[in-house]
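Protein chains in written order, with this note's numbering: chain P, 670 to 783; chain E, 587 to 700.
We put the beta carbon where it would ideally sit given N, CA and C, even for glycine.
Since the structure is predicted, the reported quantities are computational estimates derived from the model, not experimental observations.
Inspection log for the structure reproduced underneath, given as structure tokens.
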Amino acid sequence: DAGITQSPRHKVTETGTPVTLRCHQTENHRYMYWYRQDPGHGLRLIHYSYGVKDTDKGEVSDGYSVSRSKTEDFLLTLESATSSQTSVYFCAISDGIGAGREQFFGPGTRLTVL
Amino acid sequence: GNSVTQMEGPVTLSEEAFLTINCTYTATGYPSLFWYVQYPGEGLQLLLKATKADDKGSNKGFEATYRKETTSFHLEKGSVQVSDSAVYFCALDYNAGNNRKLIWGLGTSLAVNP
């Protein structure tokens, strides 16, 4: 299994509080992704990183920011959490972007915003 | 634009039954096609893939053939087991600037009863 961990695995927070989710990899992969998974929407890309300090927006980036200060860590921050951000968040990594390249997923973080 | 449509679930089968989960796509260019599987409480993992027309991906008894003429990538298994109970996601990848992104179907839940 690819070495990807996410922390915390579960979190309950209140509306308006800041939240940071961490993704840590031991594979030295260049590309890292944050997705959210919601019933009826499948997986949607929030942000991704193509190198240290290199990040870009995905399709549902509003209300989220990311940072990547070293290869192994990719942080997702909800500056002021809202109930619509209640979801399961998955981190994924990839060692390249050629056609057919696999993404490896972490175990997920279940976030509940009350 | 690019999109993936897969059959809605849930699908409920008895053990040893034949499985088909339909997936069709629209895409510009030449995407690769994937099936990912998500077991309960886990992240997604690649089940199989195909990178060009007429390729067949196979793994763990599952198969799917990249059909350009029908823009389809249907997942099949001849004899399902209880351990195949999971959510199955069809996806395609496409070039997007400095990245290669995935477009996901909504997932199809499969329950296999003994």
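- Message: In chain order, what are the residue ranges of uninterrupted beta strand (DSSP E) at least 3 long that sit wholly in the region 712-757 of chain P?
- Response: 723-726, 733-739 and 742-747
- If you run the structure through DSSP and keep just helix, strand and coil, what is S669 of chain E? helix
- Report yes or no: do the region 724-743 of chain P and the region 688-701 of chain P share at least 3 C-beta pairs separated by less than 8 Å? yes
- Task: List the residues that DSSP assigns as beta-bridge partners of M701 of chain P.
- Result: P:S718 and P:I762
- Query: Is it a yes or a no for the region 604-617 of chain E touching the region 671-684 of chain E, going by three-plus beta-carbon pairs under 8 Å?
  - Reply: yes
- Query: CB-CB under 7 Å to S752 of chain P, same chain, minus the five flanking residues each way: which ones, in chain order?
  - Reply: T684 and V782
- Task: Could you list the residues in the region 606-634 of chain E with a C-beta less than 9 Å from some C-beta on chain P, going in chain order?
- Result: Y616, P617, S618, L619, F620, Y622, Q624, G627, E628, G629, L630, Q631 and L632
- Using three-state DSSP, classify R691 of chain P as helix, strand or coil. strand
- Can you give me the Cβ contacts of G643 of chain E inside the same chain, cut-off strictly under 6 Å, excluding the 5 residues immediately before and after it? L634, K635, A636 and A650
- Give the DSSP-derived three-state secondary structure of D707 of chain P in the structure shown. strand
- What whole-angstrom Cβ distance do W621 of chain E and G711 of chain P have, given they're in contact under 8 Å? About 13 Å; that fails the 8 Å criterion.
- Message: Nearest by alpha-carbon distance to Q667 of chain E: which of E:T598, E:Q592, E:G629 and E:T694 is it?
- Response: E:T598
- Task: Could you spell out the range, first to last residue, of the beta strand (DSSP E) harbouring K635 of chain E?
- Result: L630 to A636
- Task: Closer than 8 Å by C-beta to T686 of chain P: which residues in its own chain qualify, once you throw out the five before and the five after it? Chain order, please.
- Result: S749 and A750
- Item | R605 of chain E versus E:T656, E:H660 and E:P700, residue with shortest Cα-Cα distance | Reading off the sequence shown, one finds Leu at residue 605 of chain E, where the question assumed Arg. Ranking E:T656, E:H660 and E:P700 by Cα distance to L605 of chain E puts E:H660 first.
- Query: If we call anything under 8 Å between Cβ atoms a contact, is Y719 of chain P one with A761 of chain P?
  - Reply: no
- Item | Whole-angstrom distance between E601 of chain E and L747 of chain P, CA atom to CA atom | 43 Å
- Inter-residue Cα distance where the pair is Y733 of chain P and N608 of chain E: 34 Å
- Around the C-beta of G647 of chain E, are 16 or more other C-beta atoms found within 10 angstroms, so that it is buried, or is it exposed? exposed
- Message: Quick check on Q772 of chain P: does DSSP put it in helix, strand or coil?
- Response: coil
- Would a check of beta-carbon distances place L692 of chain E closer than 8 Å to chain P? yes
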